[in-house]
Amino acid sequence: MADLVRYEIVDRVAIVTIDNPPVNALSPAVWDGIDVAVARAAADPNADAIVLIGAGTTFIAGADIKVFDTLKTAADSLARSANTHALLRRMEDASKPVVAAIHGNALGGGLEMAQACHFRIATADAKVGQPEVLLGIIPGAGGTQRLPRLCGAQLALEMCTDGKPVPASKAKAAGILDEVLPGRDPSTGSASSRASSRDEGVNRAELLTAAVAFAKSKAQARTMRKTRDIALSPEQIKNGIEACRAMRQTLAKTAKGARAPLAAVDAIEEGLRLGFADGSIREREIFAQSVVSTESKALRHLFFAEREVAKVPDIPKETPARDIKRAAVIGAGTMGGGITMTYANAGIPVLLKDVDDAALQRGLATIRKNYEITMSKGKMTADQLEKTLALITPTTSYDGFDRVDIVVEAVFENMDLKKQTFAELGSVTRADCILASNSSTLDIDEFARASGRPPQVLGHHFFSPANVMKLLEIVRGRETSREAIATSLKLAKKLGKVGVVVGNCFGFVANRMLAYYMREAYLLLEEGASVPQIDRVLTDFGLPVGPFGMQDIAGIDVGARIRQYLKSIGKTRAEGPQSAIPDILFEMGRYGQKTGAGWYKYDAPGGRNRTPDPLIEELADEVAFKRGITRRPIADEEIVARIMTALANEGARVLEDGFATRASDIDVVYVYGFGFPRYRGGPMFYAETVGLPTVLARVREYRARFGDYWEPAPLLERLIADGRGFYSEAVAQPLA
Ligand code: 3H9
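Each residue of the sequence shown is one higher than the last, beginning at 3 in our numbering.
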């Protein structure tokens with residue numbers, strides 16, 4: 003047995019310690035090690051019982067996700083699942099009581115292993131869950147069969163379909179755990195008399211002592227309970243099947259195209275109908291199909307992409323990252339208000355500055371209203387609301403700016419105004435204060451020069467609504483210090499955001515690519531597709547909102563003003579033809595939802611109920627006529643293909659120009675910035691699933707049909723020629 007699984011005897015109890023840092027993932031060697039250790043303990047005359055415990059800070063976070071990449075066919079996956087089923091059955095059949103001692107997390111295969119133990123004991127702050135669905139698979143080691151027997155079908159359905167872990171207290175009440183040690187329960191904040199904020203080492207040591215005593219008592223009483231033998235009454239089965247039906251109905255509305263949650267319901271229902279043995283066979287088959295699905299590959303890709311994104315090649319882990327204790331935001335408009343809320347939500351006191359009291363009061367009223375909506379949904383108490391608001395100090399002056407660690411500038415998207423703001427900030431803040439701009443497009447280096455402190459200046463580009471959307475583009479200027487980047491990455495975590503370091507090009511990564519996405523949508527409209535059709539096709543694809551609906555929310559004026567600025571400096575956002583329609587709408591004062599009309603008509607200014615507007619079709623006819631285009635019916639497939647090809651082709655340029663470190667960073671940007679469907683893995687991953695040669699063939703076809711503005715990204719051509727893909731190692735690079 004390798005060191006991954008250790009065996010020792012303590013007080014006539016065999017302690018099997020899983021030691022596979024950092025999260026004790028179940029690699030094949032760990033599964034085997036546990037199997038061997040349990041068999042050894044069963045035969046060991048010095049052991050009366052067996053305790054399974056994790057080394058370090060956790061029990062077991064599940065199967066080793068990387069191993070799934072080696073399962074190339076459903077048959078491979080079936081064999082893997084069958085092995086684990088057999089192994090857990092052997093453990094359940096052990097002649098001595100087996101106790102799972104859980105601290106940290108028991109997730110996925112970790113919880114399934116615990117379910118196959120005879121008893122489960124946990125620390126108060128432990129969590130248990132079946133998050134497989136978030137990886138596009140279902141529990142494949144008996145979880146869909148044993149969990150309903152422990153806690154009933156309803157909770158099992160919830161856990162296997164939403165993937166959220168449940169706290170130890172809830173798991174105990176539901177029957178998943180047999181005993182929970184006294185201590186602080188982070189889910190409720192409540193603590194028992196023995197509770198204290200103990201470090202994990204002490205916590206684990208206490209758990210081990212308690213587990214040994216518990217195991218001995220079970221050995222003495224000769225009690226062992228096999229989960230698979232827990233009988234379900236006809237009533238429980240009937241209610242369980244009804245719960246499956248109800249869950250399918252819910253998922254029809256919430257799953258948004260993901261198939262794994264429904265597959266998990268199927269496996270649970272099969273177990274209820276067929277019993278444990280045949281239900282287990284069905285679980286294995288469904289697991290095997292899910293693990294080789296594109297959905298699962300995409301979600302596994304994102305799992306690692308989200309963790310990779312924090313690793314910036316030339317910023318080692320040891321780079322000092324400061325703790326941000328006080329912040330200031332300039333501009334109490336929509337973005338500034340959302341950013342202020344983000345800081346307050348993280349418990350960081352924040353100064354909110356605007357030019358006059360009226361602007362401040364408007365901003366504060368919106369912030370309060372947003373919190374009141376949160377409170378009305380039961381997600382915040384009145385006390386929490388007041389405490390959070392008390393962290394926000396409105397001001398019209400720079401008083402107190404010498405005490406803050408960071409300032410986020412969120413004034414209008416105007417170069418002169420922003421430069422003036424940075425010049426002022428350079429003199430009113432401490433020399434080590436980070437100066438961040440929320441600009442969505444403009445050149446960070448110009449702000450840096452204006453501030454007189456370039457190493458401290460960078461972009462913090464939040465996405466609207468800033469207090470909700472999880473993406474933070476951290477824009478690296480020419481002279482931004484490594485410390486400022488490391489601090490921003492650490493801060494992003496504290497703010498509950500996913501920080502992605504991007505280069506300083508026009509629009510950075512998200513909006514630079516978006517310009518190509520939008521241009522294709524406009525051109526499709528001119529060629530004959532309608533606004534509602536294009537929006538519907540993209541929401542069917544899995545996006546939360548189509549391009550036109552999104553622009554009506556963001557404001558048509560925002561893009562128009564950017565185009566005006568670019569024109570003033572002799573540039574355009576995307577090369578090639580630009581549709582005239584967005585500027586016509588801007589000149590008509592149709593800015594979108596806020597003015598009651600944009601690409602759609604709304605019930606009122608600020609209203610959300612929209613109807614298609616025949617005026618848009620008239621404009622499209624006119625503009626198409628002027629460009630000599632005969633409008634034609636356009637198939638849904640062409641809309642998806644053209645818009646996604648535009649995104650991937652520009653993504654390849656972003657990568658090649660060195661403005662994103664890796665293709666997977668671009669995927670993370672699109673998933674968290676625009677709600678790109680997770681189960682498609684992001685725009686670059688999606689292109690890989692279509693096939694890069696197909697993507698290139700499309701670019702060439704569109705070039706022949708629509709003009710030279712379609713130009714293959716050189717990187718795309720090179721990768722195909724070399725037989726490589728976006729995720730080949732050498733494609734990752736330091737930012738330009
Ligand atoms: C399963 O169990 C299937 C079974 O039903 C059936 C089998 C037949 N595997 O997230 P962190 C790595 S499916 C491999 O930053 P945290 C992670 O990549 C599995 N690697 O830490 C990272 O690596 P690096 C079901 C894993 O403290 C490092 O560990 N289980 C795995 O913020 C630290 O991770 C899950 O879906 C893994 N299972 O969060 C749970 N887990 O340092 C997945 C982590 O190189 N894991 N890594 O970047 C998690 O949710 C979080 O990692 C956890 C810790 C909450 C545990």
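Where a beta carbon is used, it is the ideal one built from N, C-alpha and C, also for glycine.
Nothing here was measured: the structure is a model prediction, and the numbers come from that model.
Per DSSP, the bridge partner or partners of residue i
i: R122; result: A102
i: K166; result: In the DSSP output, where bridge partners are listed per residue, K166 has none listed.
i: K381; result: Paired residues: none, contrary to the question.
i: P695; result: Answer is none; P695 lacks a bridge partner.
i: R8; result: T19
i: E181; result: I123
i: Y604; result: R612
i: V130; result: A108, V168
i: G501; result: L474
i: T395; result: L353
C-beta contact flag for residue i and residue j at 7 Å
i: G145; j: Q132; result: yes
i: A49; j: A102; result: no
i: V352; j: I394; result: yes
i: K98; j: A44; result: yes
i: A438; j: H462; result: yes
i: L491; j: A312; result: yes
i: L274; j: I232; result: no
i: D511; j: V314; result: It is worth fixing the name first, because residue 511 is Val in this sequence and not Asp. It is not a contact, given that the beta carbons lie outside the stated cut-off.
i: L649; j: M515; result: yes
i: N241; j: M337; result: no
i: M686; j: D667; result: no
i: F449; j: F424; result: yes
i: N205; j: T125; result: yes
i: I446; j: N506; result: yes
i: L540; j: G530; result: no
i: V135; j: P263; result: yes
i: I140; j: A279; result: no
Backbone secondary structure at residue i - three-state DSSP
i: Y400; result: coil
i: V135; result: helix
i: K815; result: Nothing in the structure corresponds to residue 815, since the chain is present only between 3 and 738.
i: T541; result: helix
i: S194; result: With a pLDDT of only 47 at S194, under the threshold of 50, the placement of this residue in the model should not be trusted, and no figure is reported.
i: I20; result: strand
i: E589; result: helix
i: F728; result: coil
i: A175; result: helix
i: V267; result: helix
i: E640; result: helix
i: R405; result: helix
i: Y704; result: helix
i: E202; result: No answer about E202 holds up, because its pLDDT of 47 lies below 50 and its placement is not dependable.
i: R682; result: helix
i: A599; result: strand
i: Y711; result: coil
i: E208; result: helix
i: V547; result: coil
i: V511; result: coil
i: V25; result: coil
i: K628; result: helix
i: T740; result: Residue 740 lies beyond the stretch modelled for the chain, which goes from 3 to 738, so this question has no answer here.
i: R563; result: helix
i: G1; result: The structure shown does not extend to residue 1, since the chain is modelled only from 3 through 738, so no value can be given for it.
i: R286; result: helix
i: G277; result: coil
Beta strand (DSSP E) runs wholly inside the region 407 to 495, at least 3 long, in chain order: 408 to 411, 436 to 439, 459 to 464, 473 to 478
Ranges of the beta strand (DSSP E) found wholly within the region 44 to 116, counting only runs of at least 3: 51 to 56, 100 to 104, 107 to 109
Taking the runs of the alpha helix (DSSP H) that are 4 residues or longer, which of them lie wholly in the region 212 to 258? 236 to 256
Whole runs of the beta strand (DSSP E) within the region 289 to 360, excluding any shorter than 3 residues: 329 to 332, 352 to 355
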